[in-house]
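Just so we're aligned: the sequence shown equals residues 2 to 647 in this note's numbering. Working notes, structure below.
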Amino acid sequence: MRLPPEDRKLSPYTGWTRSHWEAAADAMLAAVAPHATPGQALINLPGPRPSWSGPRSDGLEGYARTFQLAALRVAGAGGEDPAGLLDRYAAGLDAGTRHPTRAPELTGGDGESWPVITDRGQPMVEAATVALALRLTRPWLWDRLDDGVRERAGRWLAEALHRTPHENNWWLFPLAVGGFLAEAGIETEAAEAAVARGLEKIDGWYLGGGWYTDGRPRAFDHYNGWAMHLTPVLHAHLARDPGLTARYGERLAAYLDAYTGMFGGDGAPVHQGRSLSYRFAAAAPLWAGALTGRTPLAPGATRRIASGALRYFLDRGALDAEGRLTLGWHGAHPPLVQPYSGPASPYWSASGFLGLLLPPDHPVWTATEEPGPAELADTARGLPEPGWLLQSTAADGIVRLHNHGSDDQPAAEVAPDNPLYAALAHSTVTGPTEGLPDNHFGLRDGDEVSERGRIEPLGAGPGWAASAHTPRLGGRLLPGVRVTSLSLADGAEEVRLHLVSGAAPDTPVVCGGWAPAGEELRTGAEDGTAWVRTADGTHSELRGLLGLAGAEVRTAPSGTAFGPRAAVPVLHGATGAGGSLFLAALRLTGADARDTGERPRVRETPRPAGWSVRVDWPGGGSHRAEVAAGSVRVAHSPAPRAEPGG
C-alpha cells in the first residue's frame, strides 16, 4: 500500500492525516476489484472456506461491504469519483437484482443475481449495508439510475422490511433499509414502521450509562459501538432528526466517555468479543461522536485514536500480499473466526472510515493530534452496567478489561464458555489461548477445568469489579457450588480474589494469568510465582498470595491472535473445609512500564460468614473488601494527593 509521507507536525502520534485515510480506502478498493463478477454484482474473494450462508451470500457480502467503503470515500469527497467506483457498484446493483435466487452456491441462476432476503438470513445484513451506501451516495448514484433498476433494487431491499431478524443487533438491519427506502419513497409506511420497530427493540436492551446488551441478557462487546450506537445515531443524523439525534447522541456520548479509554497507546482496541476480524470498525463510534457533536474528546484526540487504530492493523499484517483484508486480528488467525464469517466479512471494518464524511476543514482533520485517555494517566475505573473494570497504564499504554459481567450466555440455558467473553480479563496486548486456563479460575477434575457459565455481576466501582457464578464442569452445573470473584487494581498492579463455597474438601483449583504471545518467549516459575516475557518486553507475572502455589508455565504452541507462540503462568491449589479463599497478584506490563519492585501488601482475616481483605497499593491507596458467598462490599481509599512544591 502506497501512502503519502507522514506529517509529524499535524499528527505527532501517528503521522497520519486525512490523505492517509483516503489512500488506504483507495488501495483496499483497488485490491478487491479484480474479484468482481463480470456484471459487478458479486465480489468473490478467495478464502479458506465459505461461510455457513454459502458462496453466493459471501459474494453479495463482498459487494455490499466494499460498497460501503466506496460510498464513504465518494460522499466524503463531495461526489468526486475519479476511479469510477460508483459506476461499478451501480452496474452491480442492476445485475444483482434481476433474478434473486435461493441457490447458496454460485452455479445456480445467472451467476450474478443476489440471494433473496429471508427470515434471519445473511442477505438481510448485506441489504442494510447496500441501503446505507445508497443513502450516502444518493445524488450521484440512485438518483441517476434507470427507473427499472430503481424499481428492482427497491423491491429487493424492501423484503428486509417484512422479514424477521435474529433477536439481537439484527433488528437494526431493517431499520437501516427502512431509513433509505422512506427517503426514496418506496413502501414508505412499512419502511417507517421498520425504523420504529428497530428503535423500540434496542431501547429495551439499553441499561443506561451508554451500554446496550446485544439481545442476550449479558452480551457486551464491540457491537455496542459499531452497531447498537452507530446505526441509530447515523440514521438520526442522515434524517436530520434533532429529536432522535439528541436521544441517541446523548447515549453515544455516555458510551464514549468510557469507550475512548479502551484503545491502547499503540492504537489497539481491547481484544474482546466476537467478529474481531472487523478490526478498525472499532473507530466508527468515535467518528460518529464527532459527526454529531456528541463526544467527550477533543478533535485532535478523536483523530489520534482512530488513526492509531487503523494504522495499528495495517502495520501488523491485516492485509495480505494482494492488499485484501484477512480473517484475523493482525494477520489471518483461523481460531478467531466464527462460522458465519466468510472471506469478505472483514470489510465490515469499512464503517471505521466514517470520518471521511467530515469535511477536510473540520477540526477533527485540522487540529493537532492529542493523546488518548490511556496515554494521559493511569486508570482503574469500574463500569457497573457491563460489570467491567477498566485498567490502563500511561507509561506502556496497555489497557486491561477485567470482566465481571459479560458472558454472552443465552437466556434459556447455560452454554459452554466462549473465552472471548468468559475470561476474567482481556487486554490490548493479549488474547485467549486454546485449551489453557489463561485469565481463568476454575475447579479441576483431572485435566478438565470448570467454566464460568452465567456470570452474576455484583458491582463495580473505583478500582474494583466483582461477580459470582455456579461452575460448569463436564457439561453440567455443579449444584451447591459457588465461586465469588473480585478484581482489584491500581496502577499496573492487580489482585484477584476467589471465594469457593459448597465444594468438597481437597477439590483441586487452577488459576491462570495473562498469556503474552510472540516469536520468542522467556519463562520462569518458582516460589509460588510464574512469569512470561516476550521479546518486545511484554511481561506477565502471577504470584500466589493465599491458597495458591504449585507455580508453572504452560505453553500454547498455536499461539494467539497476537503471535505464533503463547505461554500462560499458572498456579494450583485445593479447597479446604467450608468456604476457601484464594488470592493472587498479577501484573501485565510493556517494555516502557515503570517497576519499582514494590508489590501490593495484602492482609486477609476470616469472618464468620466470609473474609475481610485489605490491599495496600505501592502508590499509597488501598482497598478494603468484605467477601462472602455471592456478596461483595468494597471501600476504596485513593492515594493522598501530593502537595505542590513551594
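Idealized CB from N, CA, C, for every residue including glycine. Model, not experiment: these values are computed from the prediction.
How is residue i classed by DSSP in three states: helix, strand or coil?
i, result
"G647", "Low confidence applies here, because G647 scores a pLDDT of 39, under 50, leaving its location unreliable; read the following figure in that light. In this structure, G647 counts as coil in the three-state DSSP scheme."
"I203", "helix"
"I44", "strand"
"G209", "strand"
"L487", "strand"
"S54", "coil"
"E495", "strand"
"R116", "The sequence given here has Pro at residue 116, not Arg. DSSP places P116 in strand when its eight states are reduced to three."
"A731", "Residue 731 is absent from the structure shown; the chain starts at 2 and stops at 647."
"G332", "coil"
"T434", "coil"
"H163", "helix"
"A531", "strand"
"R198", "helix"
"V75", "helix"
"V628", "strand"
Considering only heavy atoms of the ligand SAM, does any lie closer than 7 Å to the CB of residue i?
i, result
"G318", "The model on display carries no ligand, and the ligand SAM is accordingly not part of it."
Alpha carbon to alpha carbon, what distance is there between residue j and residue i?
i, j, result
"W612", "G462", "19 Å"
"G77", "L137", "9 Å"
"D418", "G329", "20 Å"
"E457", "H470", "6 Å"
"G383", "S428", "15 Å"
"F563", "A333", "11 Å"
"E521", "L30", "36 Å"
"T576", "G545", "15 Å"
"L94", "V150", "8 Å"
"Y341", "R121", "12 Å"
"Y313", "P565", "18 Å"
"T394", "G388", "20 Å"
"R219", "S407", "5 Å"
With a 10 Å radius around its C-beta and 16 neighbouring C-beta atoms as the bar for buried, classify residue i as buried or exposed.
i, result
"R156", "exposed"
"K10", "exposed"
"P641", "exposed"
"W53", "exposed"
"P243", "exposed"
"G647", "Residue placement at G647 cannot be trusted, given a pLDDT of 39 that sits under 50; the coordinates are not used to answer."
"E81", "exposed"
"E376", "buried"
"A536", "exposed"
"D409", "buried"
"P601", "buried"
"W397", "Looking at the sequence provided, one finds Asp at residue 397 rather than Trp. It is buried - the Cβ of D397 has at least 16 other Cβ atoms within 10 Å."
"R164", "buried"
"E106", "exposed"
"H100", "exposed"
"R654", "Summary: the structure shown does not reach residue 654, with the chain confined to residues 2 through 647, and so no result is reported for it."
"G574", "buried"
"P166", "buried"
"T606", "exposed"
"P286", "buried"
"M2", "exposed"
Does the CB of residue i have a neighbour CB from chain D at under 8 Å?
i, result
"P609", "Among the protein chains of the structure shown there is no chain D, as only one such chain exists."
Starting from residue i, trace the alpha helix (DSSP H) both ways and give me its first and last residue.
i, result
"F442", "Segment H441 to D446 is the beta strand (DSSP E) holding F442; no alpha helix (DSSP H) there."
"D617", "D617 -> not in any alpha helix (DSSP H); beta strand (DSSP E) instead, spanning G611 to D617."
"A131", "Inspection of the sequence shows that residue 131 is occupied by Val rather than by Ala. Its alpha helix (DSSP H) spans residues Q123 to L137."
"A426", "A426 -> not in any alpha helix (DSSP H); beta strand (DSSP E) instead, spanning A426 to S428."
"E23", "R19 to V33"
"L86", "L86 to G97"
"T303", "P300 to L315"
"A183", "L173 to A185"
In terms of residues, what are the limits of the beta strand (DSSP E) holding residue i?
i, result
"S632", "S632 to S638"
"H540", "H540 to L547"
"F583", "S581 to T590"
"R602", "R602 to R608"
"V571", "R566 to A575"
"A536", "Per DSSP, A536 belongs to no beta strand (DSSP E) and is neither H nor E."
"S468", "W465 to H470"
"E100", "Here the sequence assigns His to residue 100, which means Glu is not the residue at that position. Where H100 is concerned, there is no enclosing beta strand (DSSP E), given that its DSSP letter is neither H nor E."
"L459", "E457 to G462"
"A552", "A550 to A557"
"V511", "P509 to G513"
**Message:** I'd like the ranges of any alpha helix (DSSP H) spanning at least 4 consecutive residues and lying wholly in the region 335-411.
**Reply:** 364-367 and 374-377
**Asked** Mind pulling the alpha helix (DSSP H) runs of 4 or more residues that sit fully within the region 205-289?
**Response** 231-239 and 243-260
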